[in-house]
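Chains as they are written, first to last, in my numbering: chain E, 41 to 332; chain U, 2 to 256; chain Z, 791 to 1067.
To keep things clear, I will list the structure first and then write my remarks on it.
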């Protein structure tokens, strides 16, 4: 069912996808198209996107800025209705935000409730779902522990640094126990050192919980370092430019992984693809999917 | 030492002003200007009597009833109107008009419709004081953060919980601004409605004193109204500090 | 393009394009006014409310139309607006001057704080009996109330403004040897102006309330007095018409002050809408 399109890939890396393809994908995007209707006419943000995420996969979406990444993510999260095509999470078509999905937004300062303490922020979704107090406390404690914030539960989010605020958002997401975690350029606004720490944190959490992660970024290094797979998007109106398997060792660390020759190679390749995307060249197969 | 200095700053000017007043009126026989001691005496004499139950308490209860109802109704309608775009666009000019009507003109109007009684006074207060809360709530609800709104949807926080944990809190700075304006309007309307049509209450008593040229008594009434204004403002500030602690903290950080 | 099989979710329907049309807002606003008038008319015609005390919209609007061509009406409007303008300007000048003096010194700011915070919440209507004793039913009574009420609105904003002056800008000005007056002129004044305008806008609304109040309660000449006279004389329709007229004046003042704010602050980067009042 999942046919990973290998067309036009200069680096053919594997023929994998056999094991994963027999089960229901954790996340499936099929012929997704989004056209915004504005008073000034229609704007086509996403033209045609199709890709799948197998359960437990860590996939990075990377594309030039203005590639409609946020639009795509909102469609996947059920925040925006696509013009045509479908998004399915665990086989169910998304028409509203699915219960088994959590999102970490880029704007950490605006995604946490400033009138609630760190703990209340993490707890709120659970409380809203009617999880009982004991279970709630346990989940919140574990989540805060996992992101290294067990010591500040009573603080307000705005009293913390940017990196710590994003940790709170991550804690809230994992306490919610999602099957799929969407992350929308979560580290774009934090400093480099914090960013490295947070990247390792996300990898660790992903491994511990065995969840499926879709990580949107515009940072090529980050996408290669984090992902098991990198999907390169074209310029807007968006199509898939390339779907690339990252065959780096599962154990990654900032110093060694980033100095591997293979890392440099993959990075260079993604970079090249992004440059082509910016030059607005679209893979022929995807363009024919449209009726132009 | 710093504490003493703060106290000195706090009471310094008021004490100086009272002293000045005392010195200036020490030999005064001016009919209109009472002496500080005389005013204090009259104040106790007039208000710590049965007048407290006949005039002061009814005034305060009308004021609080009207004020609480305006705040509750204002927030309720504000949230409804603010959440529904079409409703907001439909009602905006009408609401702007109602807010622009100087509230005191409602006194003769409601006197006619309802008659001269307590309900009329409470209604006058509601009709005048509801607009700042209502319109500010609409503004606040409209200005909720998009990312936070998306966050709520992702975590499936909807319906009543969404209002309770998100919309109401998010709009609270604007709501408090409205409440502050409503308090002063409510106080004004309490006094006017009693001055205009009543046989009891603070406003009535003060006008009576003025008509009978009981000047020191009249001043004591003005003083009492002033004290009420100040107390309401203190209660408000105390509440605001607690409700909006996060907001001021956030603004401090953003600077 | 084949946008046919659109996934119609609730959200897609809610964001239907016509309600986002630039003209949708104003048109709906007009519709809202018409709707309001219709409800008013219907409620009185069907006897839901007693038309004796609550005349139909058409009757009131007809009366308002007559008023608009009557010299007496405009004379009353003129009197009310005269006290409004004189009161607002006097309060504005006094509050600005005092605000700059207090605001320019930390000592003055601290020592006056408690007194200002005490005097500000005193309801101006408490002064009504005093005004009557001092001035009777003349315009001065109105002025006393208007000035007292508007003064605090403006003073507080000017004080916020002077407190907002950038200390680095102030130090720079000092280091270049700018004198006291020059610092006020080039550093303090531009920073404070937006706050002052906001204060004026708030005070303008308050001043109208107090002008009408003084006329209504004390009997100083103007629209408020006419309302009181009509009320005691039982002329219900003219009273309603005047009430509507005061509302329209209020709307006009609000719109006018907002335009003024926009015009004066065109150069200002952050149009201050969010000042806590």
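Glycine included, every Cβ here is placed at the ideal spot set by N, Cα and C.
Query	Result
Looking at C-alpha atoms only, which residue of Z:995, Z:996 and Z:1036 is the closest neighbour of residue 1015 (chain Z)?	Z:1036
Taking residue 261 (chain E) as part of the beta strand (DSSP E), name the residues at either end of that continuous run.	Not the beta strand (DSSP E): residue 261 (chain E) falls in the alpha helix (DSSP H), residues 260-266.
Compare the beta carbon distance of residue 873 (chain Z) and residue 933 (chain Z) with 8 Å and say whether it is the shorter of the two.	yes
Measuring alpha carbon to alpha carbon, tell me which residue in E:90, E:84, E:109 and E:65 is nearest residue 258 (chain E).	E:109
Cα-Cα, which of Z:1008, Z:1027, Z:908 and Z:998 is closest to residue 879 (chain Z)?	Z:998
Step through the CB atoms of chain Z and report whether any lies within less than 8 Å of the CB of residue 14 (chain U).	yes
Per DSSP, which residues does residue 110 (chain E) bridge with? Please list them.	According to DSSP, which records beta bridges pairwise, residue 110 (chain E) is partnered with nothing at all.
In three-state DSSP terms, what is residue 269 (chain E)?	strand
For residue 221 (chain E) versus residue 253 (chain E), is the C-beta distance shorter than 8 Å?	yes
Residue 266 (chain E) and residue 255 (chain E) look like a contact to me (Cβ under 8 Å); what is the Cβ gap, rounded to whole Å?	6 Å
Could you list which residues in chain Z have their beta carbon closer than 9 Å to that of residue 78 (chain U), in chain order?	Per Cβ cutoff of 9 Å: no residues; residue 78 (chain U) is ~14 Å from chain Z at best.
Residue 92 (chain E) to residue 270 (chain E), Cα distance in whole Å?	12 Å
Is the Cβ-Cβ distance between residue 196 (chain U) and residue 210 (chain U) less than 8 Å?	no
For residue 2 (chain U), count neighbouring Cβ atoms within 10 angstroms of its own Cβ and tell me buried if that reaches 16, exposed if not.	exposed
Look up residue 26 (chain U) in the DSSP assignment and say whether it is helix, strand or coil.	helix
Counting C-beta neighbours from all protein chains within 10 Å, is the total for residue 1059 (chain Z) 16 or more, i.e. buried, or is it exposed?	Caution applies to residue 1059 (chain Z), whose pLDDT of 44 falls short of 50 and renders its modelled position unreliable; the value that the coordinates give is listed next. By the 10 Å Cβ count, residue 1059 (chain Z) comes out exposed.
What residues of chain Z sit near residue 97 (chain U), judged by a beta carbon separation below 8 Å?	1041 and 1044
Measuring CB atoms only, is the region 227-235 of chain U touching the region 901-918 of chain Z, in the sense that at least three cross pairs come out at less than 8 Å?	yes
Compare the beta carbon distance of residue 154 (chain E) and residue 216 (chain E) with 8 Å and say whether it is the shorter of the two.	no
Taking CB distances under 8 Å as the criterion, tell me whether residue 925 (chain Z) reaches chain U.	no
I think residue 130 (chain U) touches residue 92 (chain U), with their Cβ atoms under 8 Å apart; what is that distance to the nearest whole Å?	Not really, about 18 Å apart at Cβ, beyond 8 Å.
Using CA coordinates, which residue listed in E:261, E:170 and E:178 is at the minimum distance from residue 307 (chain E)?	E:261
Could you name the residues of the same chain whose beta carbon sits closer than 6 Å to that of residue 830 (chain Z), not counting the 5 residues immediately before and after it, in chain order?	847
Name the chain U residues whose beta carbon is nearer than 8 Å to that of residue 101 (chain E)?	Under the 8 Å cutoff, chain U gives no residues; its nearest Cβ is about 18 Å from residue 101 (chain E).
I'd like the list of long-range same chain contacts for residue 313 (chain E), defined as Cβ closer than 6 Å, with 5 residues on each side in sequence excluded.	272, 281 and 282
What's the C-alpha gap between residue 804 (chain Z) and residue 151 (chain U)?	In this prediction, residue 804 (chain Z) has a pLDDT of 41, which is less than 50 and means its spatial position is unreliable; nothing more can be read from the coordinates.
Can you list, in chain order, the residues of its chain whose CB lies under 7 Å from that of residue 1007 (chain Z), leaving out five sequence neighbours each side?	918
Along the region 147-159 of chain U, where does the CB come closer than 7 Å to a CB of chain E? Name the residues.	148, 149, 151, 152, 154, 155, 156, 157 and 158
Measuring CB atoms only, is the region 102-109 of chain U touching the region 1024-1040 of chain Z, in the sense that at least three cross pairs come out at less than 8 Å?	yes
Would you kindly work out how many angstroms separate the C-alpha atoms of residue 81 (chain E) and residue 118 (chain U), rounded to a whole number?	60 Å
According to DSSP, simplified to helix, strand and coil, what is residue 285 (chain E)?	strand
Assuming contact is defined by CB atoms lying nearer than 8 Å, are residue 991 (chain Z) and residue 1048 (chain Z) in contact in what I supplied?	yes
Assess, as a yes-or-no matter, whether the region 123-141 of chain U is touched by the region 61-71 of chain U under the definition of 3 or more beta carbon pairs within less than 8 Å.	yes
By the DSSP assignment, the alpha helix (DSSP H) with residue 1071 (chain Z) in it spans what residues?	What is shown of chain Z runs 791 to 1067, which leaves residue 1071 (chain Z) out entirely.
With a threshold of 16 other CB atoms inside 10 Å of the CB of residue 816 (chain Z), please say whether the residue is buried or exposed.	exposed
Measuring alpha carbon to alpha carbon, tell me which of U:207, U:250 and U:167 ends up nearest residue 47 (chain U).	U:207
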